[in-house]
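Residue numbers (our numbering), protein chains in the order written: chain R, 1 to 293; chain L, 1001 to 1612.
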Amino acid sequence: MLSESFLKSLVGLRLASTRRQRGALMGERRSARRGRSIEFADYRNYTPGDDPRRVDWNIYARHEKAYIKLFEDEEDTAVSILLDVSKSMRWMAEDETAPQKMERAAEIALSLAFIALSGGDRLVMELSSGARIGPRRGAGAMAHFASAVSRELTRADATSMPINTWLRRYAATSPPGMCFVVSDLLDETGYQDGLNVLATSRAEVSVVQTLCPDELAPRFEGDVRLKDVETGAARDLSMDNATLRDYAQRLKIFTDEAQAFCQRRGGRYFLADTSQSTGDIVARDLRRQGWIV
Amino acid sequence: MNILNPLALLFALLAVPIVLLYLLRLQRREQSVSSTLLWRQSTLDREANALWQKLRPNILLFLQLLTLAFLVFALIRPYINQPGQTPARTIVLLDASASMLAEDVPPTRFSAAKKQVSNLIDDLGANDQLALILMGASPRALSGFSASKAELAAALDAAQPALEAANWGAAISLAQAIAQGDENTAFVVVSDGANADDAKLLTGNVKFIPVGANGENVFISAFTVRRTVRGLAAFVRVNNSGKSAASVLVSLRSGDALLDARTLDVPAAGSATWTQNDLDPALPHLTARIDQTPNAAQDNLAADDAAYAINPVTSIRRALLVTRGNRFLEQALGALPGLQVTRVVPSVDGLTAGQDLSGAVYDLIVLDNITATLPSNANVLMIGAGAQFSSTGVFSNTGFVRAEASPIAQNVDWRGVNVLEAQHLAPPAWLQPVIQAQGGGLVFAGDGASAGLGRVVALPFDLFKSDLPLQIAFPVLVANSVDWLSPAQGLALPASVKPGEVIALPGGSQVVLPAGASMAAPDGVFADTAQPGIYAVQTPRGRGYFAVNFLDARESDTTPQPNLQFANANAQTQTAQGLSQRELWNILAALALVLLTIEWWVYQRGLRTRKA
Chain R
1 MLSESFLKSL
11 VGLRLASTRR
21 QRGALMGERR
31 SARRGRSIEF
41 ADYRNYTPGD
51 DPRRVDWNIY
61 ARHEKAYIKL
71 FEDEEDTAVS
81 ILLDVSKSMR
91 WMAEDETAPQ
101 KMERAAEIAL
111 SLAFIALSGG
121 DRLVMELSSG
131 ARIGPRRGAG
141 AMAHFASAVS
151 RELTRADATS
161 MPINTWLRRY
171 AATSPPGMCF
181 VVSDLLDETG
191 YQDGLNVLAT
201 SRAEVSVVQT
211 LCPDELAPRF
221 EGDVRLKDVE
231 TGAARDLSMD
241 NATLRDYAQR
251 LKIFTDEAQA
261 FCQRRGGRYF
271 LADTSQSTGD
281 IVARDLRRQG
291 WIV
Chain L
1001 MNILNPLALL
1011 FALLAVPIVL
1021 LYLLRLQRRE
1031 QSVSSTLLWR
1041 QSTLDREANA
1051 LWQKLRPNIL
1061 LFLQLLTLAF
1071 LVFALIRPYI
1081 NQPGQTPART
1091 IVLLDASASM
1101 LAEDVPPTRF
1111 SAAKKQVSNL
1121 IDDLGANDQL
1131 ALILMGASPR
1141 ALSGFSASKA
1151 ELAAALDAAQ
1161 PALEAANWGA
1171 AISLAQAIAQ
1181 GDENTAFVVV
1191 SDGANADDAK
1201 LLTGNVKFIP
1211 VGANGENVFI
1221 SAFTVRRTVR
1231 GLAAFVRVNN
1241 SGKSAASVLV
1251 SLRSGDALLD
1261 ARTLDVPAAG
1271 SATWTQNDLD
1281 PALPHLTARI
1291 DQTPNAAQDN
1301 LAADDAAYAI
1311 NPVTSIRRAL
1321 LVTRGNRFLE
1331 QALGALPGLQ
1341 VTRVVPSVDG
1351 LTAGQDLSGA
1361 VYDLIVLDNI
1371 TATLPSNANV
1381 LMIGAGAQFS
1391 STGVFSNTGF
1401 VRAEASPIAQ
1411 NVDWRGVNVL
1421 EAQHLAPPAW
1431 LQPVIQAQGG
1441 GLVFAGDGAS
1451 AGLGRVVALP
1461 FDLFKSDLPL
1471 QIAFPVLVAN
1481 SVDWLSPAQG
1491 LALPASVKPG
1501 EVIALPGGSQ
1511 VVLPAGASMA
1521 APDGVFADTA
1531 QPGIYAVQTP
1541 RGRGYFAVNF
1551 LDARESDTTP
1561 QPNLQFANAN
1571 AQTQTAQGLS
1581 QRELWNILAA
1591 LALVLLTIEW
1601 WVYQRGLRTR
1611 KA
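Laid out in structure tokens, this is it:
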């Protein structure tokens, strides 16, 4: 799903938390962690910018390679990635050949997962089908996540919960930490309840809303009967300019509301156009947004 | 409102495919979407003004159905009757036949018809034109297209009916010639519809204004007089076209003298006959007349209450037969009524060949293989005429070729006649062959005035050298020849003619009309036969009579036909007010066009709104 070279380009990136970054300087960050725990947890590769004092010099002496020692306090900053695999995510326009939207969403999720794992964070992935992958830690677990996600996506009997149910269920068991939700937020019953519950748990919520071009700018023509892939509900519409203009307006209100909703609850929001490459979205846009450093 | 073409209502079925096309058009293409969440909201918005949204496509449907409705209404050709309105060009055919003289509509049907036409003339609009045709035996255009009411009224005033049957065919041809193929010309027929079978020839926009109240009429349909051994026998048939039996007094007169009278009971729509025998054979002519009916209302038409007949034989014709003995000829001549034959046998009576007969005074001389000197103006039947005229030889190929249209050859069947040999006659120019054989003429006839003779019939063969005397053709030929050579009245007058018929009279004749007036017919043609009755003719060669009879059972049957059959089955019978049809299809078609334009405009507007 993700190429080796692309993953390599992500090495050294870290997921950034707004809470910890809030008014934070490097020194503060260090002092905040210092003395929390002395219990060794794991090693990870040194990346430029790491505090040189945390390099395990014994290992460096033996292997001439710099490793950072990780302690228990960092294990507690768990990262959870919630990937929506509902029918609306799997939907593709009739003239498309590949479910671009689902694929791109999975790649974004896995990219974030890779960044989290290579940053030594403890990672849990939860799909809206109810499948939970992890928790695991360390870059070595990447293959496990990738294969599990791809297995879930190719399952013939794929089911999916409504977003609210799914997020509520996850919030009940979620550890505090960073929580990324990759979803189109398109659900008959809404998403607000679920996000509310999630945000009021101790997790810091970041929402990546994935929408494909056919949702951002539909190309319908003439008199059509639109059928909802999730509910089966049908809507008869005449695709004149007024209708399309109206849709664009509704969409803008919908995404703006989602963004405002997230920000009001101290979360982050990013609208991803799935026609963009994963590299552009993750390595460029999310970095620009400050989600990744 | 009435319709002319109800079958066109079937076009209304086109509404079904139109609606079906709309249903198909509204069947939407199905498209799956990730969610209708955002779409539904806009749909909800739409449902706020759903009525207009639903109506927008339906306005087109409505307009199209309305257009179709108007077109269908135009196709069924509805019309309304408008009193007193005549189309721009109208040709009025006014029946002037004898039945229009019936008095069931006082004073006469013709007067009532003229009143109707007069109303039409009064109702003419400023630019309307009207032409008048009088339908008699020979139809006449009283007036071509004219917008002048005074001119038309004057032409109408001059119209008079005649005792004749209307010639509908000719009148319709004349009307259509005047119309010059203009389909907008309306024809108005004013008639009682009696004896109008040819009315169906009239095509186009026809209106029929019937006149006549009832068909009560008693009339003489046949009157003949013939000679019998006991004198004259008269036969009268009286018909009754009415709905009730009539008891009528019929009289038989000669001139003013009443011969007999009888009451005949004529059943409704039936006839009664009366044969009167033993009348004086010397009576020159007879008149049968319906003198009275118990109820005047039972006899609407007076013109057909009298009939006239001429005594077929008023004088004994004297014939001189010069023969050496010919039993066939003697019998054939002897059987003819009113012919007194004097037989002369040359050997017995001391006559020799080439005998001079110039002193004999006979109506007719028959020469049987005899040559003789003939008196001037003598009418002669020559058998074996080769003796009298020069011949160029004998021929024996006497097979029948043809008979000319001549009174001599009338009803003579020569095909079975065999002639052994005949003289090849070289006749003078005035003597023309009547019956032609392969070798030459076998019967000749002509008026020998230029040769100092009267009429001559010549047979260039001996009767004994043929089987002609044994054939049925022989007595017919002899009778024809005698009648032609010496007419029964001494004058070649027809016994009876129809009113208005033209007859030929000998030059210099003087005619006394039934009313008593005397007229000269210097050029031998007499046409003033409008009045039925006995006409007396005085000629240099004698006095004779001919009768003018209006005997036309079909015309006398005055039963009015309120529904005439015209070529256009939709011809309308008009009431007395003279209604005119005003068709509405052009208005409906124009409305359909307007609707079509609106429909197009609505459609275009819809497209623009959607694109905007």
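Note that the Cβ used here is the ideal one computed from N, Cα and C, for glycine as well.
Contact with chain R is absent for Leu1020(L), since none of that chain's Cβ atoms lies less than 8 Å from the residue's Cβ.
Per DSSP, the beta bridge partners of Val1033(L) are Asp228(R). At a C-beta separation below 8 Å, Gln1604(L) has no neighbours in chain R, since its nearest C-beta there lies roughly 15 Å away.
Excluding residues up to 5 positions away in sequence, Ser1097, Ala1098, Ala1137, Asn1195, Asp1552, Arg1554 and Glu1555 lie with their Cβ nearer than 8 Å to the Cβ of Ala1165(L) in the same chain.
Here Asn1311(L) carries a coil assignment [DSSP, helix/strand/coil]. Chain L has a Cβ within less than 8 Å of the Cβ of Leu237(R). Taking a Cβ-Cβ threshold of 7 Å, none of the residues of chain L is close to Asp95(R); the smallest such distance is about 11 Å. When C-beta distances to chain R are compared with 9 Å, the residues of the segment 1026-1038 of chain L below that value are Leu1026, Gln1027, Arg1028, Arg1029, Glu1030, Gln1031, Ser1032, Val1033, Ser1034, Ser1035, Thr1036, Leu1037 and Leu1038, in chain order. Assigned with DSSP and collapsed to three states, Pro1267(L) falls in coil, not helix or strand.
Ranked by how close their Cα comes to the Cα of Thr1342(L), the residues Ile1503(L), Ile1365(L) and Phe1328(L) have Ile1365(L) in first place. The CB of Ser88(R) comes closer than 8 Å to the CB of Ser1034 and Ser1035 in chain L, given here in chain order. In terms of CA proximity to Ile1220(L), Asp1557(L) leads the group Leu1010(L), Asp1557(L), Pro1407(L) and Ile1503(L). Counting of Cβ neighbours within 10 angstroms places Val293(R) among the exposed residues, the total staying below 16.
When only Cα atoms are considered, Pro1284(L) and Asp1447(L) end up about 27 Å apart. In the structure shown, the three-state DSSP call for Glu221(R) is coil. The residue among Glu1421(L), Ala1458(L), Leu1431(L) and Leu1453(L) with its C-alpha nearest the C-alpha of Phe1464(L) is Glu1421(L). Interface flag for Phe220(R) against chain L is set, since a Cβ pair is found closer than 8 Å. Looking only at Ala1282(L), Ser1173(L), Val1190(L) and Glu1183(L), the smallest Cα-Cα distance to Leu1120(L) is reached by Val1190(L). Counting every other CB atom within 10 Å of its CB across the protein chains shown gives Glu1103(L) a total of 16 or more, marking it as buried. Boundaries of the alpha helix (DSSP H) around Asn196(R): Gln192 to Thr200. Secondary structure of Ile1408(L) (DSSP, three-state): coil. DSSP places Gln1176(L) within a helical segment (H, G or I) once states are collapsed to three. Under the Cβ distance rule, Trp166(R) does not count among the residues neighbouring chain L, no pair being separated by less than 8 Å. Fully enclosed beta strand (DSSP E) runs of no fewer than 3 residues occupy 222-228, 234-239 and 268-273 of the segment 204-291 of chain R, in order along the chain. When DSSP states are grouped into helix, strand and coil, Val1456(L) belongs to the strand group. The DSSP-derived three-state label of Thr1323(L) is coil.
Neighbours of Leu251(R) in chain L, taken as residues whose beta carbon is under 7 Å from its own, are Leu1038 in chain order. For Ala158(R), the closest Cβ of chain L is not nearer than 8 Å. The beta carbon of Phe180(R) sits closer than 6 Å to the beta carbons of Ile81, Leu112 and Ser206 from its chain, once the five residues preceding and following it are set aside; these are given in chain order. Scanning Leu10(R), Arg62(R), Ala248(R) and Trp91(R) for the CA closest to the CA of Ser1032(L) turns up Trp91(R). The contact set of Glu188(R) on chain L, defined by CB atoms closer than 8 Å, consists of Ser1035 and Leu1037 in chain order.
Arg1605(L) and Leu1066(L) have their C-alpha atoms spaced approximately 19 Å apart.
Across the segment 199-225 of chain R, CB contacts with chain L closer than 7 Å involve Glu215, Phe220, Gly222, Asp223, Val224 and Arg225, in sequence order along the chain. Cβ atoms of Leu13(R) and Ile115(R) come within 8 Å of each other, at about 5 Å. A contact between stretches requires three or more CB pairs, one per stretch, nearer than 8 Å, and the segment 155-174 of chain R meets this requirement with the segment 183-194 of chain R.
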